[in-house]
Amino acid sequence: MLDYALLHALATVVREGSFERAAKALFVTPSAVSQRVKILEERLGTVLVVRGQPCTATDAGLSLCRHAEMVGLLESELGRALPGLGLGAQAMAPPVRIAVNADSLATWFMPAFAGYAAAGAALLDIVLDDQAHTADWLRKGQVLAAVTATPEPVPGCKSRYLGRLRYAATASPAFMARHFSVGVTAASLAAAPALIFNAKDRLQEQWIEQRMGQPLSPPMHRLPSSHGFVEATLRGIGWGMNPVDLVAEHLRSGALVELAPAQYVEVALYWQHTRLAMQQLARLSEQVFEAASTSLLQGPPLPEPCAVRRPGAKAP
């Protein structure tokens, strides 16, 4: 039999990132938390936590943390259904950990978050990653659900298409005059500074290759913030791929312009979550589907992140 008090201590250390913060969350001393984790490691004969700043779980530790989280959620639901059990479910319910890409969080996902929170559901613990990599968090058992660009279900998960997030290549008028005075050519694109979110961000490269028919390697600023991305574009620091919904007002006012007004990149997004029947996940999924249906472009997903043109627009 698993000792769930020990499992809860392990999961709290991994979630909080340190034994000290875990102790505060559990209302015990750090030495008590350390002792519980040590007992669990000795019983299983393997290391479960890599001590560091922050503390991280080993593969075995991740499996146990995911199990503890799911048990906590199931007990919380059981406590609501059968209050006579005295489980203290509301206080013990662990946060539902999910992975979301930053641009979704900055645009369409927040209404889903708000709707879920308004229903008095469990807390959310959101981790950010590129949409092409959020499914990896599911594969490793680090989250229970994810917004991802991966359509194929992760083993043990369900996958549902949400819609397409549209991006436009944008820059300030001053930046355009400075770097693209002779047009958006291969030479000017190779020289003009671009903005990328992080090393995983490939949208700018995709847009260049699809427009020019060849890969280019422009100088790039790294800026891991969706709103910071927009601000940097407005200030003429570089050009970048911004979600159209996030820059629509700036495009209308002329504060930003599109590098190629007839060309976008659209990324198909999916909602993947564990197959285990959990009311909290079902409630969250309902909110996600509703928000996506009103904010994302609907219709069949396009093959891979790809460029599209407005109806009637001429090819470049």
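Per my numbering, the very first residue in the sequence shown carries number 6; after that it's consecutive. Glycine included, every Cβ here is placed at the ideal spot set by N, Cα and C. Note that this is a predicted model, so its numbers are computed, not measured.
query: How long is the line joining the alpha carbons of residue 224 and residue 105, rounded to whole angstroms?; result: 27 Å
query: What would DSSP say about residue 187, mapped onto helix, strand or coil?; result: coil
query: Whose C-alpha, out of 108, 121, 198, 157, is nearest the C-alpha of residue 134?; result: 108
query: Quick check: the Cα distance between residue 181 and residue 13, rounded to an integer number of angstroms?; result: 55 Å
query: What span of residues does the beta strand (DSSP E) with residue 322 cover, start to end?; result: What is shown of the chain runs 6 to 321, which leaves residue 322 out entirely.
query: Given this structure, state the Cα-to-Cα distance separating residue 165 from residue 37, to the nearest angstrom.; result: 43 Å
query: Would you mind sorting residue 99 into buried or exposed? The rule is 16 or more other CB atoms within 10 Å of its CB.; result: buried
query: For residue 27, which of helix, strand or coil comes out of DSSP?; result: helix
query: Using the beta-carbon count (16 or more within 10 Å), is residue 102 buried or exposed?; result: buried
query: Measuring CB atoms only, is the segment 274-282 touching the segment 149-158, in the sense that at least three cross pairs come out at less than 8 Å?; result: yes
query: Tell me whether residue 60 sits in a helix, a strand or coil according to DSSP, three-state version.; result: coil
query: Can you give the Cα-Cα distance for residue 187 and residue 53, rounded to whole angstroms?; result: 59 Å
query: Does the separation of the CB atoms of residue 233 and residue 199 fall below 8 Å?; result: no
query: Using the DSSP secondary-structure output, state which residues sit across from residue 201 in a beta bridge.; result: 227
query: Taking the alpha helix (DSSP H) that residue 141 falls in, what are its first and last residues?; result: 139-144
query: Taking 8 Å as the cut-off, decide whether the C-beta atoms of residue 140 and residue 151 are in contact.; result: yes
query: Hey, residue 51 and residue 19: beta-carbon distance below 8 Å or not?; result: no
query: Three or more C-beta pairs closer than 8 Å, one from the segment 209-227 and one from the segment 189-196: is that the case here?; result: yes
query: Can you tell me whether DSSP reads residue 211 as helix, strand or coil?; result: helix
query: Take residue 21 as the anchor and find which of 10, 9, 57 has the nearest alpha-carbon.; result: 57
query: Is it the case that the Cβ atoms of residue 112 and residue 251 are separated by a distance below 8 Å?; result: yes
query: On the premise that residue 289 lies in contact with residue 121, defined as a C-beta separation below 8 Å, what is that separation, rounded to the nearest angstrom?; result: 5 Å
query: So who's on the other strand from residue 104, going by DSSP bridges?; result: 132, 151
query: State the Cα-Cα distance for the pair residue 197 and residue 169, rounded to the nearest angstrom.; result: 28 Å
query: Is the Cβ-Cβ distance between residue 179 and residue 241 less than 8 Å?; result: yes
query: Suppose only complete runs of 4+ residues qualify. What are the alpha helix (DSSP H) ranges in the segment 242-307, listed by chain order?; result: 249-258, 284-300
query: When burial is assigned at 16 or more other CB atoms within 10 Å of the CB, is residue 293 buried or exposed?; result: buried
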